[in-house]
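Engineer: Chains as they are written, first to last, in my numbering: chain A, 1456 to 1661; chain B, 1456 to 1661. Each residue gets a CB set at the ideal place from its N, CA and C atoms; glycine is no exception. Please find one structure pasted underneath; my questions will follow.
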DNA sequence: GTGTGTGAAGGGTTTCACAGCA
DNA sequence: TGCTGTGAAACCCTTCACACAC
């Protein structure tokens, strides 16, 4: 399969959400122009993004909202009921466990771990915090597909190594540090500090 | 000033953090090769990024870690003690108020707001949750520079409009929806659902 | 007429490769 | 010799513009 750019995939996620809104408003069809307007991009971009995966629209008419959403969901693999683990039961970890946007799209958080004895055994949402010392066994037993790292910068690489050893192929990293993994493992980083520093730069320029 | 790409700015933030580690290990100098290796990019990229802002290294030697860090800090405006407000005292909002990575870099959260009467008056870290109805006045009184939106998708645009009206020029948006603002306002979005969906896509492809 | 799908053009970012300085 | 700084080349992504289907 042709290599699809990361930006395209991210935009598909956005289209998926925009379609949600339209469907709630009982809109049956949508044009690339409308979708583009909702996401602040160009209509050519929308059509090009979709064209990588097939032809979903009708010329002169646009796209059927429900069908397009379900097709994008299919492309992104959102029908798959992913099992997710969160490593780190600090502020961010706990907020993620309770984040509704996950469960809504089939990402089920089934495991929370921490290394701190004070935290082990405490409940987070419906889950009980487990000991990271048992990481490998827990990941396997719970058949986890995706792991979220929400530990400190110091601990992040070690956790990542353990996750890789446990067979995890997809990691979402919230620690403010780049982590190293073998090429077959995909890592996405979410680093709020970096985003706010970009705002700082912008304000400083003006 | 020449337009600098967003990716360059984001990488500068990463270099800043990588330099942190090196400084902690008492390394006096670093080459673009080493920095690149730490962040999983190429050395040419590092040198190119820095070259937009000046010449910071010594040929044959590399860069002085402390000096380079402070120069990057200067570029990003990290010395400025930004005053930050968080709108939305849900799970994410509360986690952000307590996020240490912010205060460490001079981003001081001085205001938390929510619309829910149950939440108004409750404390989050050192702050008391205020009523969003007073948003404009509070933003002005606290001299806020940067606002973080951590409310639901439904409420996000309305909050954004109020923030713009209150004179805010930089917004970090955690709501899973694109928000519209006038061109002079910079918005950065952090959307964990989008990142995890990219992982879902990756796992689905294999 | 309307709006999609797409090859081609355009613009921007990354990588290459090397001159030049410590 | 070692490593930076930087034009030029390569690459990738976005935008244009129009044929074509409804």
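In chain B, what lies closer than 7 Å to residue 1643(A) by C-beta?
Structural biologist: Under the 7 Å cutoff, chain B gives 1650, 1653 and 1654.
Engineer: Starting from the N-terminal side, write out each stretch of the alpha helix (DSSP H) that is 4 residues or longer and does not extend beyond the stretch 1553–1600 of chain B.
Structural biologist: Fully enclosed alpha helix (DSSP H) runs of 4 or longer: 1555–1559 and 1590–1596.
Engineer: Identify the residues that DSSP records as bridge partners of residue 1627(A): which are they?
Structural biologist: Note: residue 1627(A) sits in a beta bridge opposite 1603(A) and 1643(A).
Engineer: Any beta carbon from chain B within less than 9 Å of residue 1507(A)'s own beta carbon?
Structural biologist: Judged by the 9 Å Cβ criterion, residue 1507(A) is not in contact with chain B.
Engineer: Which same chain residues, not among the five before or five after residue 1507(A), have their C-beta less than 8 Å away from its C-beta?
Structural biologist: Taken in chain order, the residues that qualify are 1457, 1459 and 1463.
Engineer: Quick check: residue 1622(B) and residue 1659(A), are their CB atoms within less than 9 Å of each other?
Structural biologist: The answer is no: Cβ separation not under 9 Å.
Engineer: Taking only beta-carbon atoms, is residue 1495(A) less than 9 Å away from chain B?
Structural biologist: Chain B, which has a Cβ nearer than 9 Å to the Cβ of residue 1495(A), makes this yes.
Engineer: Can you grab the Cα-Cα spacing for the pair residue 1475(A) / residue 1512(A), in whole Å?
Structural biologist: Residue 1475(A) and residue 1512(A): Cα-Cα distance of roughly 17 Å.
Engineer: Residue 1635(B) touches chain A at which residues, Cβ-Cβ below 8 Å?
Structural biologist: 1495, listed in chain order.
Engineer: According to DSSP, is residue 1481(A) part of a helix, a strand, or is it coil?
Structural biologist: DSSP places residue 1481(A) in coil when its eight states are reduced to three.
Engineer: Among 1579(B), 1609(B), 1497(B) and 1486(B), which one has its Cα closest to the Cα of residue 1666(A)?
Structural biologist: Nothing can be reported for residue 1666(A): it is not among the residues displayed for chain A, which extend from 1456 to 1661.
Engineer: Determine, using beta carbons only, whether residue 1511(B) comes closer than 9 Å to chain A.
Structural biologist: False, the Cβ-Cβ gap to chain A never drops below 9 Å.
Engineer: Is the shortest distance between the beta-carbon of residue 1530(A) and the beta-carbons of chain B less than 9 Å?
Structural biologist: Output row for residue 1530(A): interface = yes.
Engineer: Below 9 Å between beta carbons: does that hold for residue 1617(A) and residue 1587(A)?
Structural biologist: Result yes, Cβ atoms of residue 1617(A) and residue 1587(A) sit closer than 9 Å.
Engineer: Could one say the Cβ of residue 1538(B) lies closer than 9 Å to chain A's Cβ atoms, at least one of them?
Structural biologist: No, no contact with chain A.
Engineer: Is residue 1560(A) closer than 9 Å to residue 1648(B) when the C-beta atoms are compared?
Structural biologist: Their beta carbons are under 9 Å apart, which means residue 1648(B) touches residue 1560(A) by this criterion.
Engineer: Could you name the residues of the same chain whose beta carbon sits closer than 6 Å to that of residue 1600(B), not counting the 5 residues immediately before and after it, in chain order?
Structural biologist: The residues are 1537 and 1538.
Engineer: Short check: CB of residue 1565(B) to CB of residue 1544(B), under 9 Å?
Structural biologist: It is not a contact, given that the beta carbons lie outside the stated cut-off.
Engineer: Measuring alpha carbon to alpha carbon, tell me which residue in 1553(B), 1547(B) and 1656(B) is nearest residue 1413(B).
Structural biologist: In the structure displayed, chain B extends from 1456 to 1661; residue 1413(B) sits before or after that span and is not available.
Engineer: Looking only at C-alpha atoms, which of 1581(A), 1655(A) and 1472(A) sits nearest to residue 1641(B)?
Structural biologist: With distances taken between Cα atoms, residue 1641(B) lies closest to 1655(A).
Engineer: Do you know offhand how far residue 1575(B)'s Cα is from residue 1569(B)'s?
Structural biologist: Their backbone Cα atoms lie some 6 Å apart in a straight line.
Engineer: Straight-line CA distance for residue 1493(A) to residue 1505(A)?
Structural biologist: Cα to Cα, residue 1493(A) sits roughly 16 Å from residue 1505(A).
Engineer: If you compare alpha carbons, which of 1657(B), 1625(B) and 1636(B) is closest to residue 1639(A)?
Structural biologist: Of 1657(B), 1625(B) and 1636(B), the residue nearest in Cα terms is 1657(B).
Engineer: Give me, in chain order, the residues of the same chain whose beta-carbon lies closer than 7 Å to that of residue 1620(B); leave out the 5 immediate sequence neighbours on both sides.
Structural biologist: Taken in chain order, the residues that qualify are 1591.
Engineer: Quick check: the Cα distance between residue 1514(A) and residue 1500(A), rounded to an integer number of angstroms?
Structural biologist: Each residue's Cα considered, the two are about 16 Å apart.
Engineer: Taking the alpha-carbon positions, what's the residue 1557(B) to residue 1625(A) distance?
Structural biologist: Residue 1557(B) and residue 1625(A): Cα-Cα distance of roughly 27 Å.
Engineer: Answer with yes or no whether the minimum CB distance from residue 1504(A) to chain B is below 9 Å.
Structural biologist: Output row for residue 1504(A): interface = no.
Engineer: Mind listing the chain A neighbours of residue 1465(B)? Cutoff is C-beta to C-beta under 7 Å, in chain order.
Structural biologist: Result: 1649 and 1653.
Engineer: Taking Cβ positions, are residue 1651(A) and residue 1628(A) nearer each other than 9 Å?
Structural biologist: Cβ distance not < 9 Å, so residue 1651(A) and residue 1628(A) don't count as in contact.
Engineer: Whose CA, out of 1485(B), 1477(B) and 1502(B), lies closest to the CA of residue 1466(B)?
Structural biologist: With distances taken between Cα atoms, residue 1466(B) lies closest to 1502(B).
Engineer: Would you please state the rounded distance, in angstroms, between the beta carbons of residue 1484(B) and residue 1520(B)? I believe it to be under 8 Å.
Structural biologist: Confirmed, about 6 Å.
Engineer: Hey, out of 1486(B), 1542(B), 1607(B) and 1611(B), whose CA is closest to residue 1579(B)'s CA?
Structural biologist: Out of 1486(B), 1542(B), 1607(B) and 1611(B), 1542(B) has the C-alpha closest to the C-alpha of residue 1579(B).
Engineer: Using DSSP's beta-bridge definition, name the partner residues of residue 1503(B).
Structural biologist: Paired residue(s): none; residue 1503(B) is not in a bridge.
Engineer: With 16 other CB atoms within 10 Å as the buried threshold, where does residue 1594(A) fall?
Structural biologist: By the neighbour-count rule (16 or more Cβ atoms within 10 Å), residue 1594(A) is buried.
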